[in-house]
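Since the structure comes first, as structure tokens, the remarks are kept for the end.
Chains as they are written, first to last, in the working numbering: chain F, 20 to 146; chain D, 8 to 402.
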């Protein structure tokens, strides 16, 4: 018997497109993980339950990309931030609708999906 | 049997570097295999052995599939060198590739499988425009979570820099001091891509690439090759220029920047260093000279801290005070580092080992660290996700 994963990457981005971030919580030790994994890195058990997140967090670090990879040339400059979410996990995403010179570590932000060409990526906008 | 790396087991047999070779770093018109063959030719001559003595090749390359449309580079490199029948393996751990190859080659000799092994790597990236190479290098970040955002390699280290500045008060001037120092060293290295000094002003007024990192905080794109000849103790002990491998360790971590517990530290460096020091029976205070991974100026700062050479948060201060300069209390990157010598990613680890070997032999000329007895190399791959640390000594 093989157990299906509790949430696949495809599930994650389908839910993200609808506006909800999903992490998984370990039923043994309570650790939260995102993205999901087979084994809990903290206690090595495999007892995950998907849990929705609020999407609220603060900027842990950020940068403004000015020299972009070939496929993003026309979008530069753009900001990317690692956001510490309220629940205790972090997520990296594009900053949208916040002036580049207003960015700061500790700035409150809120998850906002970015869907383009049928692909959803993680974004963060004003809280 | 050797224990797992995490335990830092000791080697069954001692292993030494008996020959090194490095091409000029910069732009080349030859294939990466040709560049490696040139470095290997020089390494074999330096070791005073013929190609027929080589029993295996451990090879590093990263983006050859993209920039040269070439895979299966181990046999290709061995063929171009003229020894096509030896066993070969290509290693890819992003920018740490040839240092990973080195560690495995050391283990092959330590285990008694071979007595003489060739290690090295080569890279060609100046075949493509900057936007294209920037994209290929970004393949070393996560394809689901990071690449679709447009995260670049300078962007990864910019996230580290911003966190380090916030946590410890590190300044853009301190980062710039690393660039100025490494260019000063590189001006003394005839193999370096940039053999010219730069000023603090030039660094601070250069254009932002990924804030807070500017053009002169970043290493260049580079073509080049490097090779090392490794030998067992039985062969090496008859050679007075042999440099002993006292320890060689690898550590990994999650690739995802969002899973780093503290963006201002590099735990992979801390873990690999702890194992390598334990294998060598040495500590950071014993190290006389270090070649470490300064792909960006902040990378050198966090590497000096993770290796225990300076306290966490004080790496920028140490650079600004001149402690890491030639003539300072602990010279770092006398070769010019990735910043000035250049960073042909698949060759970088082997080139660092070549420099430390040259330093410990006392053959580094105007960039010699006087009396160096113990040296260290540190190479970082990808989003801080792979680190190799090796420790070397002379009798």
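From the three backbone atoms N, C-alpha and C, an ideal C-beta is built for every residue, glycine too.
(request) Output, in sequence order along the chain, the residues in the region 75 to 86 of chain F whose CB is closer than 8 Å to any CB in chain D. (result) Of all residues in the region 75 to 86 of chain F, only 79, 80, 81, 82, 83, 84, 85 and 86 place a beta-carbon less than 8 Å from a beta-carbon of chain D.
(message) Give me, in chain order, the residues of the same chain whose beta-carbon lies closer than 7 Å to that of residue 335/D; leave out the 5 immediate sequence neighbours on both sides.
(response) Locating residue 335/D in the second chain gives position 328, counting from the first residue. The residues 329, in chain order, have a CB closer than 7 Å to that of residue 335/D in the same chain once the five nearest residues on each side in sequence are set aside.
(message) Suppose only complete runs of 3+ residues qualify. What are the beta strand (DSSP E) ranges in the region 81 to 114 of chain D, listed by chain order?
(response) Here the runs fully enclosed are 95 to 98.
(request) Using a Cβ cut-off of 8 Å (strictly closer), state whether residue 165/D contacts chain F. (result) As a position in the second chain, residue 165/D is number 158, starting the count at 1. For residue 165/D, the answer is yes, since a Cβ of chain F falls inside 8 Å of its Cβ.
(request) Could you work out which residues of chain D lie near residue 54/F, taking near to mean beta carbons separated by less than 8 Å? (result) As a working mapping, residue 54/F is identified with position 35 in the first chain. Going along chain D in sequence order, the residues near residue 54/F (Cβ under 8 Å) are 151, 152 and 263.
(request) Please report the Cβ distance between residue 340/D and residue 196/D, rounded to the nearest whole angstrom; I am assuming they are in contact, meaning their Cβ atoms lie under 8 Å. (result) If you number the second chain from 1, residue 340/D lands on position 333. If you number the second chain from 1, residue 196/D lands on position 189. That pair is no contact at about 10 Å.
(message) At the 8 Å Cβ level, is residue 145/F part of the contact set with chain D, yes or no?
(response) Taking the first residue of the first chain as position 1, residue 145/F is located at position 126. With 8 Å as the cut-off, residue 145/F does not count as an interface residue toward chain D.
(request) Would you tell me roughly how many angstroms separate the C-alpha atoms of residue 351/D and residue 44/F, rounded to the nearest one? (result) Numbered from its first residue, the second chain carries residue 351/D at position 344. Numbered from its first residue, the first chain carries residue 44/F at position 25. Distance between the alpha carbons of residue 351/D and residue 44/F is about 42 Å.
(request) Below 7 Å CB to CB, which residues in the same chain sit around residue 126/F once its five sequence neighbours on both sides are set aside? (result) By 1-based counting over the first chain, the position of residue 126/F is 107. Contacts found: 77 and 78.
(request) Kindly indicate the opening and closing residues of the beta strand (DSSP E) around residue 274/D. (result) Indexing the second chain from 1 puts residue 274/D at position 267. Segment 274 to 287 is the alpha helix (DSSP H) holding residue 274/D; no beta strand (DSSP E) there.
(request) Could you tell me the boundaries of the alpha helix (DSSP H) in which residue 359/D lies? (result) Sequence index remark: in the second chain, residue 359/D carries index 352 (1-based). Unbroken alpha helix (DSSP H) run through residue 359/D: 355 to 368.
(request) Hey, could you find the ends of the alpha helix (DSSP H) residue 32/F is sitting in? (result) Residue mapping note: residue 32/F aligns to position 13 of the first chain, counting from 1. Segment 28 to 36, the alpha helix (DSSP H) holding residue 32/F.
(message) Counting only beta-carbon separations shorter than 8 Å, does residue 142/D have a partner in chain F?
(response) As a first step, residue 142/D must be located in the second chain, where it is residue number 135. Yes, residue 142/D counts as interfacial toward chain F.
(message) I'd like to know whether the C-beta of residue 47/D is nearer than 8 Å to at least one C-beta of chain F.
(response) Taking the first residue of the second chain as 1, we reach residue 47/D at position 40. For residue 47/D, no CB of chain F lies under 8 Å from its own CB, so it is not counted at the interface with that chain.
(request) Determine the closest residue to residue 132/D out of 77/D, 98/D and 88/D, with distance taken between C-alpha atoms. (result) Translated into the one-based positions of the second chain, residue 132/D becomes position 125. Cα-wise, what sits closest to residue 132/D is 77/D.
(message) Taking only three categories from DSSP, how would you classify residue 328/D?
(response) Position 321 of the second chain, counted from the start, is the residue given in the question as residue 328/D. If DSSP states are grouped into helix, strand and coil, residue 328/D belongs with coil.
(request) Measure the CB-CB distance between residue 56/D and residue 249/D and report whether it falls below 8 Å. (result) Taking the first residue of the second chain as position 1, residue 56/D is located at position 49. Taking the first residue of the second chain as position 1, residue 249/D is located at position 242. Going by C-beta atoms, residue 56/D is not nearer than 8 Å to residue 249/D.
(message) What would DSSP say about residue 203/D, mapped onto helix, strand or coil?
(response) Here residue 203/D refers to the residue found at position 196 of the second chain. Note: residue 203/D maps to coil in three-state DSSP.
(request) Compare the Cα-Cα distances from residue 75/F to each of 140/F, 117/F, 108/F and 62/F and report the closest residue. (result) Mapped onto the first chain, residue 75/F falls at position 56. Answer by Cα proximity: 108/F.
(request) Provide the residue(s) that pair with residue 124/D in DSSP beta bridges, ordered along the chain. (result) As a position in the second chain, residue 124/D is number 117, starting the count at 1. According to DSSP, which records beta bridges pairwise, residue 124/D is partnered with 237/D.
(message) On a Cα-Cα basis, can you pick out the residue from 391/D, 359/D and 372/D that is closest to residue 27/D?
(response) One-based indexing of the second chain puts residue 27/D at position 20. The residue with the shortest Cα to Cα distance from residue 27/D is 359/D.
(message) In the DSSP assignment, the alpha helix (DSSP H) including residue 72/D goes from what residue to what residue?
(response) Taking the first residue of the second chain as 1, we reach residue 72/D at position 65. Bounds of the alpha helix (DSSP H) holding residue 72/D are 71 to 74.
(message) If contacts are defined as beta-carbon pairs under 8 Å, then residue 204/D and residue 194/D qualify, I think. What distance do you get, rounded to the angstrom?
(response) Here residue 204/D refers to the residue found at position 197 of the second chain. Here residue 194/D refers to the residue found at position 187 of the second chain. Contact flag correct, Cβ pair sits at about 5 Å.
(request) Return helix, strand or coil for residue 385/D, following the three-state DSSP convention. (result) Here residue 385/D is taken as the residue at index 378 of the second chain, counted from 1. Secondary structure at residue 385/D: strand, using DSSP grouped into helix, strand and coil.
(request) Taking only beta-carbon positions, decide if residue 63/F is within less than 8 Å of chain D. (result) Locating residue 63/F in the first chain gives position 44, counting from the first residue. No - not a single Cβ of chain D is within 8 Å of the one on residue 63/F.
(request) Quick one: list the residues of chain D neighbouring residue 121/F, beta-carbon separation under 9 Å, in chain order. (result) Taking the first residue of the first chain as 1, we reach residue 121/F at position 102. Going along chain D, no residue has its Cβ under 9 Å from residue 121/F, so there is no contact; the nearest lies around 13 Å.
(message) For a test of the three-state rule: what should DSSP assign to residue 293/D, helix, strand or coil?
(response) For the purposes of this step, residue 293/D is taken as the residue at position 286 of the second chain. Helix at residue 293/D.
(message) Can you pull the chain D neighbours of residue 140/F, defined as C-beta to C-beta under 8 Å?
(response) As a first step, residue 140/F must be located in the first chain, where it is residue number 121. Ordered by position in chain D, the residues that pass the 8 Å Cβ test against residue 140/F are 155 and 156.
(request) Kindly list, in the order they appear in chain F, the residues whose Cβ is closer than 7 Å to that of residue 162/D. (result) Stepping through the second chain from its first residue, residue 162/D is reached at position 155. By Cβ distance, chain F contributes 82, 84 and 99.
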